[in-house]
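J.: Pasting a structure here, questions to come.
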Amino acid sequence: MMMEESSRSPQNPEDINFSIVTSIEYDGLEELTAGVLEFSLDQLLQNGVLREFPVVGAILALGKTGASVRDFLFLRKVFRFLYQLRDVSLEKRIEFGNRIREDSEYRRKVGENLLLILEKLNAFSKADMLGRVYKAHLTGNINTETLEKLVSAIERVNLHDLDRLRQFYVDDDENSREDEQLQNLAFAGLVCIQLGEVGLVGGVSGQFKQCEIGRMFLKYAICDNHEGCA
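This is how it looks when you write it as structure tokens:
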């Protein structure tokens, strides 16, 4: 199967968003395995398990002569996201889909931007993190406001700074100042800056401090709610 050298991104965002939500509800989601996530384009088109997901049909329906490179990479991220939800009960996933359809405010905050978020993610591992925080939300561990903050942090965080994040929270390292990685993490909303303390942070008197959203990011986005995984 030929793959178009096209930069076309998925169109009809409402249809694609809806297909992602219905894929979350799909009762075959638990059949996803880690090996499936490394599929090639031909495998995507031929694998019966993958083809049953609504999002695959929605994306492929846009390509009249084949799938574009960008569509293929987008679907790789979608399946990395969905894989993290495989252990969430079907009941919880259907409940999520129903709420998306019935609650316009919730749909705006949680459902309508899924396409845009997944397209913007600059690494497949961020799709994993996105799936984990949605899993935490679907299972009732975090509320909508926290989900939004964690999603924003996933978009902004530099993956090279994640080891520093673990060190800062796990080793209780709150005495660092003039640390470029911690400044990056503060920009992502994962580390707080307490002004007025002794020392300089980015040229301003202050000190890096742990904050709740950083702890929750480590617990849910990185550790998938497994205590001590860091």
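One rule links them: number in our numbering = place in the sequence shown (from 1) + 1362. Beta carbons are placed, not taken as given, at the ideal position from N, Cα and C, and that holds for glycine.
Give the DSSP bridge partners of glycine 1568, in chain order.
T.: Working through the sequence shown from its first residue, we reach residue 1568 at position 206. For glycine 1568, which the question treats as bridged, DSSP gives the partners Leu1557.
J.: Identify, in the order they occur along the chain, each residue of the same chain with its Cβ nearer than 7 Å to the Cβ of lysine 1581, setting aside the five sequence neighbours on each side.
T.: Against the sequence shown, residue 1581 aligns to sequence position 219. The residues are Asn1587.
J.: With burial defined as no fewer than 16 other Cβ atoms inside 10 Å of the residue's Cβ, what is the status of alanine 1521: buried or exposed?
T.: For the purposes of this step, residue 1521 is identified with residue 159 of the sequence shown, where counting begins at 1. Strictly speaking, residue 1521 in this sequence is leucine, with alanine absent from that position. Flag for leucine 1521 reads exposed.
J.: Could you check if lysine 1482 is buried or exposed, using at least 16 other CB atoms within 10 Å of its CB as the buried criterion?
T.: Position 120 of the sequence shown, counted from the first residue, corresponds to residue 1482. Counting Cβ neighbours within 10 Å, lysine 1482 comes out exposed, since fewer than 16 surround it.
J.: For serine 1466, list the residues DSSP reports as bridge partners.
T.: As a first step, residue 1466 must be located in the sequence shown, where it is residue number 104. Paired residues: none, contrary to the question.
J.: Compute the distance between the beta-carbons of leucine 1509 and valine 1472, then report whether it is under 8 Å.
T.: Here residue 1509 is taken as the residue at index 147 of the sequence shown, counted from 1. Here residue 1472 is taken as the residue at index 110 of the sequence shown, counted from 1. Cβ distance < 8 Å, so leucine 1509 and valine 1472 count as in contact.
J.: Alpha carbon to alpha carbon, what distance is there between cysteine 1554 and valine 1519?
T.: Within the sequence shown, numbered from 1, the residue matching residue 1519 stands at position 157. Within the sequence shown, numbered from 1, the residue matching residue 1554 stands at position 192. Cα-Cα distance, rounded: 14 Å.
J.: Identify, in the order they occur along the chain, each residue of the same chain with its Cβ nearer than 8 Å to the Cβ of aspartate 1377, setting aside the five sequence neighbours on each side.
T.: Position 15 of the sequence shown, counting from 1, holds the residue named residue 1377. Excluding positions up to five away in sequence, the list reads Ala1420.
J.: If you run the structure through DSSP and keep just helix, strand and coil, what is serine 1402?
T.: Looking up residue 1402 in the sequence shown gives position 40. Coil, per DSSP.
J.: Please name the residue in Ser1385, Asn1379, Leu1476, Leu1399 whose C-alpha comes closest to that of phenylalanine 1486.
T.: As a working mapping, residue 1486 is identified with position 124 in the sequence shown. That would be Leu1399, whose Cα lies nearest to the Cα of phenylalanine 1486.
J.: In chain order, what residues of the same chain lie with their CB nearer than 8 Å to the CB of glutamate 1517, ignoring the 5 residues before and after it?
T.: The residue labelled residue 1517 in the question sits at position 155 within the sequence shown. Closer than 8 Å at the Cβ level, and outside the excluded window around glutamate 1517, lie Ile1479, Lys1482, Leu1483, Lys1488.
J.: Given 8 Å as the limit, is there contact between the region 1441 to 1460 and the region 1490 to 1509, that is, 3 or more CB pairs closer than that?
T.: Touching, yes.
J.: Can you find the residues in the same chain that come closer than 6 Å, C-beta to C-beta, to phenylalanine 1458, ignoring five residues on each side of it along the sequence?
T.: As a working note, residue 1458 is residue 96 in the sequence shown. Closer than 6 Å at the Cβ level, and outside the excluded window around phenylalanine 1458, lie Leu1500.
J.: Among Ser1385, Ala1550, Gly1568, which has the Cα closest to the Cα of phenylalanine 1579?
T.: Mapped onto the sequence shown, residue 1579 falls at position 217. The option with the nearest alpha carbon to phenylalanine 1579 is Ala1550.
J.: Considering arginine 1448, what are the terminal residues of the alpha helix (DSSP H) in which it resides?
T.: Position 86 of the sequence shown, counting from 1, holds the residue named residue 1448. It is not in any alpha helix (DSSP H) - arginine 1448 carries neither H nor E in the DSSP assignment.
J.: If you measure between the beta carbons of lysine 1511 and isoleucine 1575, is that distance less than 8 Å?
T.: As a first step, residue 1511 must be located in the sequence shown, where it is residue number 149. As a first step, residue 1575 must be located in the sequence shown, where it is residue number 213. Their beta carbons are under 8 Å apart, which means lysine 1511 touches isoleucine 1575 by this criterion.
J.: Starting from valine 1411 and walking both ways along the alpha helix (DSSP H), at which residues does that stretch end?
T.: If you number the sequence shown from 1, residue 1411 lands on position 49. Per DSSP, valine 1411 belongs to the alpha helix (DSSP H) from 1410 to 1413.
J.: Determine the burial state of aspartate 1433: buried for a count of at least 16 other Cβ atoms within 10 Å of its Cβ, exposed for fewer.
T.: Numbered from its first residue, the sequence shown carries residue 1433 at position 71. Label assigned to aspartate 1433: buried.
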